[in-house]
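**Student:** Per my numbering: the sequence shown ends with 281, consecutive numbering throughout.
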Amino acid sequence: MALVIVLWMLALLTLLAAGYSRMMRTETILISQHMQLAEARAMAEAGVWLAIQDLLAMEVDRKWLSDGREYTFTWYEGGISLRLQDEAGRIDLNTARAELLHGLLQDSGIDEAEAIGLLQAIMDWRDRDNLPRTAGAEDQDYRLAGRNYGAKDGPFNSVEELRQVLGMNDSIFAAVEPALTVYSHQPGINPVVATREALLAIPGMDDTAIEAFLAARASSGTAEELFTGSTDNRFLSPVRDQVIRVRSTGTRGENQVLLEATVLLSRNQDDPFSILAWRER
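1. Where do the ends of the beta strand (DSSP E) carrying Y71 lie?
2. When the Cα atoms are used, what is the spatial distance from D107 to Q164?
3. Please identify the residue among W49, T249, A174, A17 whose C-alpha is closest to the C-alpha of L105.
4. So, with DSSP's three-state summary, where would you put V243?
5. Considering only DSSP beta bridges, list what F273 is partnered with.
6. Relative to the C-alpha of E79, which candidate in L16, A121, G47 has its C-alpha closest?
7. Compare the C-alpha of D241 against each of V176, L199, R247, Y183 and name the closest.
8. Can you tell me the Cα-Cα spacing of A145 and G136, whole angstroms?
9. In whole angstroms, give me the CA-to-CA distance for R22 and M9.
10. For S171, which three-state DSSP category applies?
11. Rank S171, L180, R147 by C-alpha distance to the C-alpha of N157 and give the top, closest one.
12. Buried or exposed, going by whether 16 or more other CB atoms sit within 10 Å of the CB of N130?
13. For the segment 78-118, list the beta strand (DSSP E) runs that are entirely contained and at least 3 residues long, ordered along the chain.
14. Could you check how far apart the C-beta atoms of A151 and E138 are, in whole angstroms? I think they sit under 8 Å.
15. What does DSSP give as the partner residue(s) for N255 in the beta ladder?
16. Near R247, which residues of its chain fall below 6 Å by C-beta distance, leaving aside the five closest residues on each side in sequence?
17. State the Cα-Cα distance for the pair R90 and E45, rounded to the nearest angstrom.
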């Protein structure tokens, strides 16, 4: 009887030891994952500050261009991926010419009637009056559509606000979002730093011309002269290096953290830059 009791106690202790061992192994893995995630975030944040340091350097000392190309390097047993995108290379929702917005909507894959309706709804949203355009949308149209708000009749505060415009949906927004900003305050775009989606929105430009320009820009770093005389100057802007979007991805093991910071450069000795937006994914 004593032997049976001892055997049962040994079996029970073995089960308890195995359970405890498994619990400790799980906790060790979780702690390791949390540590790697924290390291990935720290590397992503380091990338943001390295990019800002580079942006504040003299033009001749700059290591990275702000046209959206990717830069990668190893850092503390992990990696950092950086993309610097000048907001002057995007279409400003508040100040862009209607032709640019129209071209962008056409490239999103919708038909012409839908593109015109959505364009006019955007114009009605950002203008200050309550008079609807022919195919646009003002307060009454939003109420008829079951929305509990009307047209803003004011500037967009963010690109995400475009989702609220009548006629906008997720698929259209995903197609146009990479080309949009609310920070350039220009009627046109700067081709030297423009995104591919923004370039395609310029009236008269096609895929072949854009691909040739992007290839030349990637090899030379500028290629602005390729646009001279090839398009209407009303859609181009010489402004650059005022607001930069920095996308920094830190990688540690299987963990990745993406930080996106929108930076206003003043280069004032007391206040050289400001963070306008900060997103973490």
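By construction, the Cβ of each residue, glycine as well, lies at the ideal position given by its N, Cα and C atoms.
**Tutor:** Taking the structure as given:
1. 67-75
2. 20 Å
3. A174
4. strand
5. L265
6. The displayed chain sequence assigns Gly, not Glu, to residue 79. Closest by alpha carbon: G47.
7. Y183
8. 13 Å
9. 20 Å
10. helix
11. L180
12. exposed
13. 78-86
14. 5 Å
15. R252
16. R83, E260
17. 24 Å
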